[in-house]
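Since the structure comes first, as structure tokens, the remarks are kept for the end.
Listed below in structure tokens is the structure:
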């Protein structure tokens, strides 16, 4: 029910925008998680249907999450990318209250690889 797109290779300091289109009814919470090789999956950013947002400290001021409820799509604008942002990024959604715990998200898109390298 979630289709992610927009990953790729970008140089440090560059930008990328990820998109995740959902099918069906509007989800209460939509978010982006990432998982780097050998690391745990972690929250990047989340947004409620009303537009309230949450960010990991590591991306605050660089990444912006937004959503278009009319298109049932969530976006992640990533600026000032760093090599440590390299990971597979996943969009996720749930119909309950906000949580940063990835294991509590019921719906997942396929991952999209973001590589930040010169």
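In my numbering, the protein residues as written are 2 to 119. Glycine included, C-beta positions come from ideal geometry on N, C-alpha and C.
Quick check on this structure: which residue in 93, 71 and 84 has the alpha carbon closest to the alpha carbon of residue 77? 93
Assumed close pair residue 75, residue 8 - CB separation to whole angstroms, cut-off 8 Å: Contact flag wrong, Cβ pair sits at about 15 Å.
Can you look up residue 6 in the DSSP assignment and give me helix, strand or coil? strand
Are residue 33 and residue 66 closer than 9 Å when you measure CB to CB? yes
With a threshold of 8 Å, are at least 3 pairs of Cβ atoms found where one atom belongs to the stretch 11-18 and the other to the stretch 36-49? no
Tell me the DSSP bridge mates of residue 68? 75
Locate the beta strand (DSSP E) running through residue 48, then write down its first and last residues. 43-49
Inter-residue spacing [alpha-carbon to alpha-carbon] between residue 96 and residue 105: 10 Å
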